[in-house]
Each structure stands twice: as C-alpha cells, then as structure tokens.
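One structure is given below, encoded as structure tokens.
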Amino acid sequence: MIEDVPAFIRQNTRVSAPPHVPEVRLHLADDAVALWEMTEEQLEQIGLPPPFWAFAWAGGQALARHVLDHPEIVRGKIVLDVASGSGLVGIAAMQAGAAEAHCADIDGFAAYAALLNAGLNDVALTATDADPLKDDPDADVILVGDLFYDRDIAARLLAWLRRQRARGLDILVGDPGRSYLPKDALEQVAEYIVPTTKMLEDAEVKRTGVWRLRD
Numbered sequence: 000m001i002e003d004v005p006a007f008i009r010q011n012t013r014v015s016a017p018p019h020v021p022e023v024r025l026h027l028a029d030d031a032v033a034l035w036e037m038t039e040e041q042l043e044q045i046g047l048p049p050p051f052w053a054f055a056w057a058g059g060q061a062l063a064r065h066v067l068d069h070p071e072i073v074r075g076k077i078v079l080d081v082a083s084g085s086g087l088v089g090i091a092a093m094q095a096g097a098a099e100a101h102c103a104d105i106d107g108f109a110a111y112a113a114l115l116n117a118g119l120n121d122v123a124l125t126a127t128d129a130d131p132l133k134d135d136p137d138a139d140v141i142l143v144g145d146l147f148y149d150r151d152i153a154a155r156l157l158a159w160l161r162r163q164r165a166r167g168l169d170i171l172v173g174d175p176g177r178s179y180l181p182k183d184a185l186e187q188v189a190e191y192i193v194p195t196t197k198m199l200e201d202a203e204v205k206r207t208g209v210w211r212l213r214d
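Numbering (numbering that gives the first Met the number 0), first residue to last: 0 to 214.
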C-alpha cells in the first residue's frame, strides 16, 4: 500500500514545465505505462484509471495558456478546475489573479498532485476527490481541460455545465478535438498549437481549441 502519497508522487515524477505553459512547474512523469503499473502494484489493485495527474494534457495546457494570456477571465473570481489532474489550470488561474481556485478530480492522487504543484508555484488552492458534477459549485468560472474523451462522461458533463451556465457561471473548455466534444454547444474563442508526446497522443503537436459554452 502507498502510505505516503505525496512522497510517492515526488519519487516517481520530476519537476518540469509544460512546453506551452513554461510559467508553471509541475511534478510530471516520463513514462505513463510504468507509473500506471507501479501504482496498481503498490495499491494491490488492478484496473485503476491511468495517472492523468502526472501529465500535462493538451487541453489543459491550452486552457492554462489562455487564462494566463487573458487574466481578466479569472481576475478576482472564484474558479473551479474540473478534472484538474495535475492542477495546471487551477494554478494558472491563481497566477492570473483569481481570488480562489478549487481543483476537483475523482482520482484521489490528483488532489495530492494539485497541492504539491501549487506549492511548487507559490500559490494556494484547494483540492478534492469529490465528484464535482453532483453539486452546484460556489464559483464564478468553471474551467474544464480534456474531459470529453468518454461518451458517458461527456453526456453527464455537458448537462451539468449547461445547468451551471444557466446559473450565470462562465464556462471555458480546453480540448484538442476529443471524440465527444459537443462543438454545437460551444463557441471557439482561441486555438493553440500545443507540443505533446506520442506516448500520450497520436502526434507531437495537437491543434487545441479553447471553447466557451453557449447560452
């Protein structure tokens, strides 16, 4: 069993900056499969989700870049980073002047990773492994990076986002064109060419959009 999750993260990652967001330092893994297998072995469980928290995915990088380049989106506001993974987007929001950033990811490792990475960047945020789609958040802005890759998740996520938009929240999505991205419900506001790796993607760069949920 993994008794000290922060120590496990530190031991199996290295501190580096995502290529499209060099302002942010993160604990990132070099080998997805090796870390995945190690996690399953240490927890004595098979079928665990991949360690999404150990990588800077294209959608998150584009969204973080957009927030840093357009700080008025989050300045002075309460931000919820959904499916936060490493915490990259929440950290970028704090660097851009958000009043608060809250990271939510159902992978328990992600909460630890987000807090560790926040410390690397001298920002304060909160992190939880509670399912954010079960409640109406106390937030002004919702940021979602790279979550429309699964049909069931996408349908549930879109319904929840529409409810939050009806409550008046601003919603931005970073996505490189995953299979279930609901483009008809979104308006593209920016596009970035994001360096990635063939270990994670099918190309060394991904054309990645930032989208706003339509009314």
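Even glycine gets a Cβ: it sits at the ideal position worked out from N, Cα and C.
Since this is a predicted model, take the numbers as computed values, not measurements.
So what does DSSP say about residue i, is it helix, strand or coil?
{"i": "LEU212", "result": "strand"}
{"i": "PRO181", "result": "coil"}
{"i": "ILE8", "result": "helix"}
{"i": "ILE72", "result": "helix"}
Mind reading off the beta-carbon distance from residue i to residue j? Whole number of angstroms is fine, and I expect it under 8 angstroms.
{"i": "GLY208", "j": "GLN187", "result": "5 angstroms"}
{"i": "ALA95", "j": "PRO70", "result": "4 angstroms"}
{"i": "ALA109", "j": "SER83", "result": "6 angstroms"}
For residue i, is the classification buried or exposed, using 16 other Cβ atoms within 10 angstroms of its Cβ as the cut-off for buried?
{"i": "ARG64", "result": "buried"}
{"i": "PRO231", "result": "The question about residue 231 has no answer here: the residues shown for the chain are numbered 0 through 214."}
{"i": "GLY167", "result": "exposed"}
{"i": "ALA98", "result": "exposed"}
{"i": "ASP201", "result": "exposed"}
{"i": "GLY176", "result": "exposed"}
{"i": "LYS133", "result": "exposed"}
Can you give me the Cβ contacts of residue i inside the same chain, cut-off strictly under 6 angstroms, excluding the 5 residues immediately before and after it?
{"i": "ALA92", "result": "VAL66, VAL73, VAL78, ALA100"}
{"i": "TYR179", "result": "PHE147, ARG150, ALA153"}
{"i": "GLY107", "result": "ASP128"}
{"i": "PHE7", "result": "ILE1"}
{"i": "PHE51", "result": "GLY84"}
Can you list, in chain order, the residues of its chain with a C-beta nearer than 8 angstroms to that of residue i? Leave out the 5 residues immediately preceding and following it.
{"i": "GLU203", "result": "PRO194, THR195, THR196, LYS197"}
{"i": "LEU119", "result": "VAL14, ARG24, LEU25, HIS26"}
{"i": "THR125", "result": "GLU99, ALA100, HIS101, CYS102"}
For residue i, I'd like the list of residues in its chain whose CB is within less than 7 angstroms of its CB, leaving aside the five on either flank, ordered along the chain.
{"i": "LYS76", "result": "ALA97, ALA98, ASP139, VAL140"}
{"i": "ASN116", "result": "LEU25, HIS26, SER85, GLY86, ILE90"}
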